[in-house]
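J.: One structure, pasted below without further comment.
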């Protein structure tokens, strides 16, 4: 169901009409069109940066590589001085402004990159098996469990894969220009399972 | 395929990385005082050793950070991974 408030993403053709939705599907793919993506850069050794960001976000930045923090907003570790923050689209403008702060002695970069990438939520017991078809990461739960994230290649497309919200739910963040290609690949890779494609 | 240990992300497949050539090449401090031969040396001449080679790698499909590796060009064994001083977060 396409809602007025949702941002257009060019992936509408993948979404099945509500009458054809299959809530019993083994794999549920949901396009997260109401989510804003904010890229944050700064050095953690730079105290004013860390203090300001953690006060505004009201949560800790995940400083350990390949980890996430979903306490308030969804924050993903991207690099030793780089993070991705997901928040509701309606809150993005204010959050970016607050994160940027008044400038002063803080050395940081805050950028709204919502226009460049899109988040997908994949839910189901077999999501790992499908992702493993196109990814070199070890996705076994003992290695890649809840709270983990990793930037890697999925079917040659550069993606951020994360596990965390629910036991079998993966978040997949991909560049918009690759999203059409990646969803086509996903459709073929998941052909052996029943799937449901929706938007939220 | 090589399994390369990114200093931040850990062991990842070679396909996630791109090669950056020989490490430890310093830009000349007084470029305008260099002779043509010295410029050519800085720009083009590389050691290309048989055996241990200190080289640069970029985790281009991951955290996109540069780091160094000491790789044996005969066995492909990576003996050491090192970070470049300024980019360690």
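Chains as they are written, first to last, in my numbering: chain C, 422 to 621; chain R, 196 to 284.
All C-beta atoms in this analysis are idealised placements derived from N, C-alpha and C, irrespective of residue type, glycine included.
1. Let me know the secondary structure DSSP gives residue 484 of chain C once reduced to three states.
2. Identify the contact partners of residue 208 of chain R in chain C, using a Cβ-Cβ distance below 9 Å as the criterion.
3. By the three-class DSSP mapping on this structure, what secondary structure does residue 514 of chain C have?
4. Please determine, among C:496, C:455 and C:588, the residue with the shortest C-alpha to C-alpha distance to residue 571 of chain C.
5. Going by CA-CA distance only, name the one from C:536, C:566, C:542 and C:582 that's closest to residue 555 of chain C.
6. Does chain C have any CB closer than 9 Å to the CB of residue 245 of chain R?
7. When you compare the CB positions of residue 436 of chain C and residue 619 of chain C, do they come within less than 9 Å of one another, or not?
8. For chain R, find out if any of its Cβ atoms is closer than 9 Å to the Cβ of residue 501 of chain C; answer yes or no.
9. With a cut-off of 8 Å, do at least 3 Cβ pairs link the stretch 220-230 of chain R to the stretch 455-465 of chain C?
10. What does the alpha-carbon distance come out to for the pair residue 544 of chain C and residue 438 of chain C?
11. Please list the partners that residue 261 of chain R has in chain C, where partner means a Cβ-to-Cβ separation under 7 Å.
12. Let me confirm a value: residue 425 of chain C is counted as buried when at least 16 other C-beta atoms fall within 10 Å, else exposed. Which label applies?
13. If the cut is a Cβ gap below 8 Å, which residues of chain R does residue 579 of chain C touch?
14. Can you tell me whether residue 210 of chain R is helix, strand or coil according to DSSP?
15. Taking the alpha-carbon positions, what's the residue 208 of chain R to residue 199 of chain R distance?
16. Quick one: does residue 205 of chain R have its CB under 9 Å from some CB of chain C?
17. Alpha carbon to alpha carbon, what distance is there between residue 593 of chain C and residue 575 of chain C?
18. Three or more beta-carbon pairs under 8 Å between the stretch 466-484 of chain C and the stretch 227-236 of chain R, yes or no?
19. Within 9 Å (strictly less), CB to CB, does residue 224 of chain R reach chain C?
20. May I ask you to report which of helix, strand or coil DSSP gives residue 240 of chain R?
21. What is the residue span of the beta strand (DSSP E) that residue 249 of chain R lies within?
22. Go to residue 578 of chain C, then tell me how far its beta strand (DSSP E) extends in each direction, as first and last residue.
23. Would residue 552 of chain C and residue 432 of chain C qualify as a contact pair, given that the criterion is a beta-carbon distance under 9 Å?
T.: Taking the geometry as given:
1. Shown here, residue 484 of chain C sits in coil according to DSSP, grouped into three states, outside any helix or strand.
2. 557, 558, 573 and 574
3. helix
4. Residue C:496 is the option with its Cα nearest to residue 571 of chain C.
5. Cα-wise, what sits closest to residue 555 of chain C is C:582.
6. No, residue 245 of chain R lies away from the interface with chain C (no Cβ there is under 9 Å from its Cβ).
7. yes
8. yes
9. no
10. 19 Å
11. None at all; the shortest Cβ gap to chain C is about 11 Å.
12. Low per-residue confidence applies at residue 425 of chain C: pLDDT is 49, beneath 50, and the placement is therefore not dependable enough to give any value.
13. 256
14. Secondary structure at residue 210 of chain R: helix, using DSSP grouped into helix, strand and coil.
15. 6 Å
16. yes
17. 10 Å
18. no
19. no
20. coil
21. Here the beta strand (DSSP E) through residue 249 of chain R covers 247-253.
22. Taken as a continuous stretch (DSSP letters only), the beta strand (DSSP E) holding residue 578 of chain C covers 578-584.
23. Residue 552 of chain C places its beta carbon 9 Å or farther from that of residue 432 of chain C.
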